[in-house]
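S.K.: Protein chains in written order, with our numbering: chain Z, 1 to 159; chain E, 1001 to 1144; chain X, 2001 to 2360.
Glycine included, each C-beta is placed from N, C-alpha and C at the ideal position.
Handing you a structure now.
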């Protein structure tokens, strides 16, 4: 039995650079294949709605009349299903993660904006970011109370 | 895929103990994997005992009613106690000498959530209704 | 005569990562009885998974964070059993390689956590440093450090390229001497041996009665391992595997089983890399299932079992999952009799409790 078996590696660690990444002075090494944020280039979109139907957490909402795609960043799990399913390569995935935000917000990609630009809409604290209904489901009152359908809105690019 | 061994004795509804005794005679004692309870929506339940026996996977199935007094396997396997407690919590069946309250305590207010046709009063709320997200007056900043 | 006092080794404790409650009856520093309460982390996963069987492919990974690919593989195997579809050898071998990579990260974390519970901080940091290399490797191959999301019904979602397989081989070759060095430390260090030998003994008859699985069972002399049944890539011609087991049943034996399995995983990854050929990686399925299916997988903590009953639509009739922590954690009550109070934390950590798997 050896008494101080880690002595050699202790002395080696004493005189070498620490293994941890000294953030924010050093940047971490994120590979290219990392799954991060999803962005739209609206000029190529053909409104087939495949991304909206195949998203497992129902984070995407498409509005064909106003030509917008809305994504709730808090619901997105970065699974790449929408990227694989899109027929025209409108959606692409960056390797950087989404940034942290203060209030509940959704991002709206509009045809009127430049490519890859999005508008930020912040929801009032009383409105939840709601999932869409699945076929066959019914509306149920939960203990917090039903959420109302009509939110105050005037003009200004609806989702 | 599975071997179904049907039971022929009428006295206890699930006479799993004598089945395990007969299985122990031929090969080493089987290892209990789990106990599963299914709700057929017409008032009967199906009880499945899954074993690993003789290097193979075998199952023993029984059909029981909702208020039968079922025989517990805990004198043979100490690990069966928690499996039966979970079935008492989730499905509402009764095992001799087993009490519920492991995963769903009375404070949580949820009663037998996995049963199908009988919806208890304080059931779990399902997913709420759809609302397309609408813009408020804070809609501003266009970001690259 | 001394009195018996009852103290809670409560839901919040600095030696556990997750909330678990042990009620210990003590007689002056010696434990005479224990009761275990679980259920603090119950999320209702069995109800949520039965709503939509295609969405569950992503949801079942999130049951546990450290054996997440094993949950995904077991669920997909149960559905492939229900659909009656055959998976190609290439997909099976790549699933095996990723499962062994996850077993490496899980066992290194368990060993580091044991060293931390003993107070040996230097060894704890070394284990986590070696583990970081494996996490960066799987980030390069699959896209995420924890939830790989590589499975779908019938095979894999995307192919693994030749450069990525070379990357796996290079990393494993670099890490193997470091794992052997750590194995030498555990086998010969006198602090580690004196604090873990003879403590927390689980006798073989108790192990059979509690139906324990995984390294807890293999540390007590039961040579059970689901990899012998040949699921996924273990049934391909050319893979050789024998389980590792010890007879003593104490905390030291369980940790030796885990350390030996780390070395064995490196060997299994090399065997699987040699057997991969050019083949299609996906066998697509159509329609909805109507039968029952069973999937069994050897997770790092033991045998993981999924049962699926489908009725021809998107909603499943019943899904049942039995995780290895559900049968291992009650066995703490059989090991803890007669232990000193300072040994309770190493004993409870040596069964590798994963409470989010246990409570679902």
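1) Using a C-beta to C-beta distance shorter than 9 Å, which residues of chain Z count as neighbours of residue 2377 (chain X)?
2) Identify every residue that forms a DSSP beta bridge with residue 1039 (chain E).
3) I'd like the list of long-range same chain contacts for residue 2083 (chain X), defined as Cβ closer than 6 Å, with 5 residues on each side in sequence excluded.
4) Let me check understanding here. Comparing Cα to Cα, which of X:2332, X:2318, X:2322, X:2175 lies closest to residue 2306 (chain X)?
5) Can you list, in chain order, the residues of its chain whose CB lies under 6 Å from that of residue 2159 (chain X), leaving out five sequence neighbours each side?
6) Can you find a CB in chain X that lies within less than 8 Å of the CB of residue 1033 (chain E)?
7) Is any beta-carbon of chain X found at less than 8 Å from that of residue 61 (chain Z)?
8) Tell me which same chain residues have a C-beta within less than 6 Å of the C-beta of residue 44 (chain Z), skipping the five on either side of it?
9) If you pair each beta-carbon of the stretch 2227-2234 of chain X with each one of the stretch 25-45 of chain Z, do three or more pairs fall below 8 Å?
10) Run through the DSSP bridge pairs and tell me what residue 20 (chain Z) is partnered with.
11) When we look at the beta-carbon of residue 1014 (chain E) and count the other beta-carbons within 10 Å, is it buried (16 or more) or exposed?
12) Expressed to the nearest angstrom, what Euclidean distance is found between the alpha-carbon atoms of residue 2153 (chain X) and residue 1086 (chain E)?
13) Name the chain A residues whose beta carbon is nearer than 7 Å to that of residue 46 (chain Z)?
14) Can you tell me whether residue 27 (chain Z) is buried or exposed? The criterion is at least 16 other CB atoms within 10 Å of its CB, across all chains shown.
15) Quick check: is the beta carbon of residue 3 (chain Z) nearer than 8 Å to any beta carbon in chain X?
16) Which residues in chain X sit within 8 Å of residue 42 (chain Z), going by Cβ to Cβ distance?
17) What does the Cβ neighbour count give for residue 2071 (chain X), buried or exposed, with the cut at 16 atoms within 10 Å?
18) Using three-state DSSP, classify residue 2350 (chain X) as helix, strand or coil.
19) So, is the C-beta of residue 131 (chain Z) closer than 8 Å to a C-beta in chain X?
20) Is there a C-beta anywhere in chain X that falls below 8 Å from the one on residue 76 (chain Z)?
21) My understanding is that residue 2098 (chain X) touches residue 2148 (chain X), with C-beta atoms under 8 Å, so please give their C-beta distance in whole angstroms.
22) Expressed to the nearest angstrom, what Euclidean distance is found between the alpha-carbon atoms of residue 2019 (chain X) and residue 117 (chain Z)?
23) When Cβ atoms are compared, which residues of the stretch 2180-2198 of chain X fall closer than 7 Å to chain Z?
24) Looking only at C-alpha atoms, which of Z:97, Z:3, Z:70, Z:20 sits nearest to residue 120 (chain Z)?
25) So, does the CB of residue 2055 (chain X) fall closer than 8 Å to a CB anywhere in chain Z?
26) Please confirm whether residue 1112 (chain E) has its beta-carbon closer than 8 Å to some beta-carbon of chain X.
M.R.: Answer, in terms of the structure:
1) Residue 2377 (chain X) lies beyond the residue range present for chain X, which begins at 2001 and ends at 2360; the question has no answer from this structure.
2) Indexing the second chain from 1 puts residue 1039 (chain E) at position 39. In DSSP, residue 1039 (chain E) forms a bridge with E:1045.
3) The count along the third chain starts at 1 and reaches residue 2083 (chain X) at position 83. Only 2285, 2289 meet the Cβ criterion.
4) Within the third chain, the letter at position 306 stands for residue 2306 (chain X). Among X:2332, X:2318, X:2322, X:2175, the Cα nearest to that of residue 2306 (chain X) belongs to X:2322.
5) Within the third chain, numbered from 1, the residue matching residue 2159 (chain X) stands at position 159. If we look at residue 2159 (chain X) and ignore the five residues flanking it on each side, its Cβ neighbours are 2281.
6) The residue given as residue 1033 (chain E) occupies position 33 in the second chain. With 8 Å as the cut-off, residue 1033 (chain E) counts as an interface residue toward chain X.
7) Residue numbering aside, residue 61 (chain Z) sits at position 61 when the first chain is read from its first letter. Judged by the 8 Å Cβ criterion, residue 61 (chain Z) is not in contact with chain X.
8) Locating residue 44 (chain Z) in the first chain gives position 44, where the first residue counts as 1. Hits under 6 Å: 88, 90.
9) no
10) One-based indexing of the first chain puts residue 20 (chain Z) at position 20. Paired residue(s): none; residue 20 (chain Z) is not in a bridge.
11) What you label residue 1014 (chain E) is simply residue 14 of the second chain in a count that begins at 1. Buried.
12) Mapped onto the third chain, residue 2153 (chain X) falls at position 153. Mapped onto the second chain, residue 1086 (chain E) falls at position 86. Their Cα atoms are separated by approximately 29 Å.
13) Although the question refers to chain A, the structure presented lacks it and instead comprises the protein chains Z, E and X.
14) Start at 1 with the first residue of the first chain, and residue 27 (chain Z) comes out as number 27. Classification of residue 27 (chain Z): exposed, given that the 10 Å Cβ count is below 16.
15) In the first chain, residue 3 (chain Z) corresponds to position 3, counting from 1. Chain X, which has a Cβ nearer than 8 Å to the Cβ of residue 3 (chain Z), makes this yes.
16) Counting from one through the first chain, the residue named residue 42 (chain Z) turns up at place 42. Neighbours of residue 42 (chain Z) on chain X: none; closest Cβ ~25 Å, over 8 Å.
17) Within the third chain, numbered from 1, the residue matching residue 2071 (chain X) stands at position 71. Buried, since its Cβ has 16 or more Cβ neighbours within 10 Å.
18) Taking the third chain and counting its residues from 1, one reaches residue 2350 (chain X) at position 350. The answer is helix: DSSP assigns residue 2350 (chain X) an H, G or I state.
19) On the first chain, position 131 is the one that residue 131 (chain Z) refers to. Residue placement at residue 131 (chain Z) cannot be trusted, given a pLDDT of 46 that sits under 50; the coordinates are not used to answer.
20) Working through the first chain from its first residue, we reach residue 76 (chain Z) at position 76. Cβ-Cβ to chain X under 8 Å: no for residue 76 (chain Z).
21) By 1-based counting over the third chain, the position of residue 2098 (chain X) is 98. By 1-based counting over the third chain, the position of residue 2148 (chain X) is 148. Contact flag correct, Cβ pair sits at about 6 Å.
22) In the third chain, residue 2019 (chain X) corresponds to position 19, counting from 1. In the first chain, residue 117 (chain Z) corresponds to position 117, counting from 1. Distance between the alpha carbons of residue 2019 (chain X) and residue 117 (chain Z): 44 Å.
23) 2185, 2188, 2189, 2190, 2193
24) In the first chain, the residue the question calls residue 120 (chain Z) occupies position 120. Nearest C-alpha to residue 120 (chain Z): Z:70.
25) The sequence position of residue 2055 (chain X) within the third chain is 55, counting from 1. Yes, contact with chain Z.
26) What you label residue 1112 (chain E) is simply residue 112 of the second chain in a count that begins at 1. Taking Cβ atoms only, chain X never reaches closer than 8 Å to residue 1112 (chain E), which makes this a no.
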